[in-house]
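Just so we're aligned: the sequence shown equals residues 1070 to 1336 in the numbering used here.
Glycine included, every Cβ here is placed at the ideal spot set by N, Cα and C.
Every value quoted in this text rests on a predicted model; they were computed, and no experiment measured them.
Following: one structure in structure tokens, then a few remarks.
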Amino acid sequence: MKIVILDAYTSNPGDLSWAKFEKLGELKVYERTARDQILERCRDAEIILDNKVVLDDEILSQLPKLKYIGILATGYNIVDIESAKKHGITVCNVPTYSTAAVAQLTFALILEFYNRVAVHDNAVHNGEWVSCKDFCFQKTPLIELTGKTIGIVGFGKIGNEVAKIANAFGMNILCSVHNPKPLPDYNSFRFVTLDELAEKSDIISFHCPLTAETTGLVNSEFISKMKSNAIIINTARGPIIDENALADALNKGKIAGAAVDVLSCEP
């Protein structure tokens, strides 16, 4: 059995062993794989392990021996799932590997907006505090999260973890999801429509998968329903946001800000 790892650099910084995979069959490990190298490297593969290399119908239809794709990440939009079904290829992901990390990053971005830590750090290093006439050096207003309303779009493991942290901060929590689950044991939690979430949230954080329905979800119409002092956080997938609409809204001051670590087109 031939096993191919297409982008090992994403999973192994050099201190991990692939020995267990070697026991399963013939293992080929590639640090990086360009699109024009996929077929050559995977021609006889029965198993492909992949993180970021796109496997679409054009590729999958030319890999008749392929039986299994293991996505070394949570998001699975790099694989054409319908094509995989058509060709009888099993696709699995890792649904919990980044839950805490993404939730933590979400609040790092939120806190940067509300506390402006980087702004004050740079100011102190530039000598602004020592030259200030007052001991209380503050370049931006202090805004507390307690009592603010966070809207969470998508309530899987990451969205749930974000809600836990928001609850600890004393925030009101609104959530929009297709299939509402039992309510968490938070006094301030409600499932609402996407429109109500957009209208009432001070912070809107996206934790939904990228699908045909969520692509371009944040567009001019969505943004027009938001508060002018609200911010958008996207740690999910870049194409969820219409970036031109977001840029226009930010340039015109329609919303207060946005923090993203994903883009529609990424290097």
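In DSSP terms, what residue i is bridged to
| i | result |
| --- | --- |
| residue 1171 | According to DSSP, which records beta bridges pairwise, residue 1171 is partnered with nothing at all. |
| residue 1119 | 1140 |
| residue 1243 | 1220, 1259 |
| residue 1275 | 1222, 1303 |
| residue 1011 | No information on residue 1011 is available, as it lies outside the stretch 1070 to 1336 that the chain covers here. |
| residue 1097 | 1073 |
| residue 1148 | 1124 |
| residue 1186 | Beta-bridge pairing links residue 1186 to no other residue. |
| residue 1287 | 1310 |
Cβ of residue i within 8 angstroms of any chain B Cβ
| i | result |
| --- | --- |
| residue 1085 | In the displayed structure, chain B is absent; only one protein chain is listed. |
Three-way DSSP call (helix, strand, coil) for residue i in this model
| i | result |
| --- | --- |
| residue 1265 | helix |
| residue 1127 | helix |
| residue 1201 | coil |
| residue 1159 | strand |
| residue 1309 | helix |
| residue 1331 | coil |
| residue 1112 | coil |
| residue 1083 | coil |
Which listed residue (the options) has its alpha carbon closest to that of residue i
| i | options | result |
| --- | --- | --- |
| residue 1116 | 1292, 1104, 1091, 1193 | 1091 |
| residue 1241 | 1216, 1260, 1263 | 1216 |
| residue 1226 | 1319, 1078, 1305 | 1305 |
| residue 1312 | 1322, 1289, 1101 | 1289 |
| residue 1232 | 1095, 1173, 1328, 1105 | 1173 |
| residue 1073 | 1140, 1099, 1193, 1255 | 1099 |
| residue 1282 | 1298, 1140, 1249, 1308 | 1308 |
| residue 1167 | 1316, 1080, 1295 | 1080 |
| residue 1334 | 1278, 1310, 1089 | 1310 |
| residue 1102 | 1095, 1120, 1089 | 1120 |
Contact the region 1254 to 1270 vs the region 1216 to 1235: 3+ CB pairs below 8 angstroms: The answer is yes - the region 1216 to 1235 touches the region 1254 to 1270, with three or more Cβ pairs under 8 angstroms.
Please determine if the region 1171 to 1186 and the region 1145 to 1158 are in contact, where contact requires at least 3 C-beta pairs separated by less than 8 angstroms. The region 1171 to 1186, when compared against the region 1145 to 1158, does not touch it at the 8 angstroms Cβ threshold.
May I ask you to verify whether the region 1233 to 1249 touches the region 1257 to 1264, counting CB pairs closer than 8 angstroms and requiring at least 3? Contact between the region 1233 to 1249 and the region 1257 to 1264 is present, with at least three C-beta pairs closer than 8 angstroms.
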